[in-house]
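I have placed the structure first, in the form of structure tokens, so that the comments after it can refer back to it.
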């Protein structure tokens, strides 16, 4: 059993393996027409910049995928200029952007009706930001009730719908660990329909373990905050130099 590394080259090699296996790269809207296909899904939990880097790896291989964006998060603000530029670059590469919906961010349990209504509202907001319709959603930190509900949302594809787990082989790198040997599964060609979730946060030029990835991300926040302050306060260096951060 061969373990997959979390590097950009390893990810590109996985894409090549899928191509060699005869898989067509589809999205949630077009997969029904393809007998042998793969849906590539990405949840952007922390960094739009890292998402864009992995999206560029895909685009270089002629691959298009679906990237799910949070509206309710402390890590990035989709209304900021930098975030909007990153999202526009994602779209320009040919990728689809959907909503990553976090029911926990509402601070209380939601009924199915409330969940559907809030998803529709957030999709509308994200559509305004992107200046194009948002027509698919994935769940972030979903409750067991939401997982089991098979929510039907008018005009919006639910990536947690039963068909994408019943009719597809689902594979995920959540918490930087593949639960099953993804490369072996692709190589055998046993499954005609694959649904693969990856998180760009884990991938880098060189292999890093989970502690390195999380630690580097946390430490980099000081530098990012300095740049943000520099754009919002006159002569920041007279108050605090960048080498002091």
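Residue numbers (our numbering): 1 to 245.
Backbone N, C-alpha and C fix where the C-beta goes; we use that ideal spot for every residue, glycine too.
Quick caveat, the model's predicted, so the values are computed rather than measured.
May I have the straight-line CA-CA distance separating residue i from residue j, to the nearest angstrom?
{"i": "residue 167", "j": "residue 173", "result": "20 Å"}
{"i": "residue 190", "j": "residue 177", "result": "22 Å"}
{"i": "residue 199", "j": "residue 119", "result": "21 Å"}
{"i": "residue 25", "j": "residue 65", "result": "8 Å"}
{"i": "residue 147", "j": "residue 115", "result": "12 Å"}
{"i": "residue 14", "j": "residue 169", "result": "16 Å"}
{"i": "residue 183", "j": "residue 162", "result": "24 Å"}
{"i": "residue 18", "j": "residue 7", "result": "17 Å"}
{"i": "residue 244", "j": "residue 27", "result": "46 Å"}
{"i": "residue 12", "j": "residue 239", "result": "45 Å"}
{"i": "residue 60", "j": "residue 241", "result": "39 Å"}
{"i": "residue 135", "j": "residue 158", "result": "9 Å"}
{"i": "residue 196", "j": "residue 185", "result": "11 Å"}
{"i": "residue 86", "j": "residue 71", "result": "15 Å"}
{"i": "residue 49", "j": "residue 112", "result": "33 Å"}
{"i": "residue 39", "j": "residue 232", "result": "41 Å"}
Go ahead and pull the three-state DSSP assignment for residue i.
{"i": "residue 245", "result": "coil"}
{"i": "residue 225", "result": "helix"}
{"i": "residue 20", "result": "helix"}
{"i": "residue 36", "result": "coil"}
{"i": "residue 137", "result": "strand"}
{"i": "residue 162", "result": "coil"}
{"i": "residue 170", "result": "strand"}
{"i": "residue 53", "result": "helix"}
{"i": "residue 43", "result": "strand"}
{"i": "residue 146", "result": "helix"}
{"i": "residue 48", "result": "helix"}
{"i": "residue 219", "result": "helix"}
{"i": "residue 175", "result": "helix"}
{"i": "residue 125", "result": "helix"}
{"i": "residue 234", "result": "coil"}
{"i": "residue 78", "result": "coil"}
{"i": "residue 157", "result": "strand"}
{"i": "residue 30", "result": "coil"}
{"i": "residue 25", "result": "strand"}
{"i": "residue 196", "result": "strand"}
{"i": "residue 201", "result": "helix"}
{"i": "residue 73", "result": "coil"}
Thinking just about the alpha-carbon of each residue, which of the options is nearest to the one in residue i?
{"i": "residue 73", "options": "140, 198, 96, 67", "result": "140"}
{"i": "residue 249", "options": "28, 69, 36", "result": "For the chain, the structure presents residues 1 to 245; residue 249 sits outside this window and is missing."}
{"i": "residue 188", "options": "6, 7, 20", "result": "20"}
{"i": "residue 89", "options": "67, 23, 71, 102", "result": "67"}
{"i": "residue 75", "options": "26, 144, 184, 47", "result": "47"}
{"i": "residue 127", "options": "195, 99, 150", "result": "99"}
{"i": "residue 123", "options": "37, 143, 154", "result": "154"}
{"i": "residue 164", "options": "193, 49, 203, 237", "result": "193"}
{"i": "residue 97", "options": "117, 62, 133", "result": "133"}
{"i": "residue 5", "options": "230, 203, 236", "result": "203"}
{"i": "residue 156", "options": "181, 180, 121, 145", "result": "121"}
Is there contact here, the stretch 200-216 with the stretch 16-36, by at least three beta-carbon pairs under 8 Å? No contact exists between the stretch 200-216 and the stretch 16-36.
Which runs of the beta strand (DSSP E) at least 3 residues long sit entirely within the stretch 82-119? Give them in chain order. 96-102
Does the structure place the stretch 76-92 close enough to the stretch 102-112 that three or more beta carbon pairs sit under 8 Å? no
Pair every Cβ in the stretch 221-241 with every Cβ in the stretch 90-104, then say whether three or more of these pairs are closer than 8 Å. Result no; under three Cβ-Cβ pairs closer than 8 Å.
Stretch pair the stretch 51-61 + the stretch 214-222: three plus CB contacts closer than 8 Å: no
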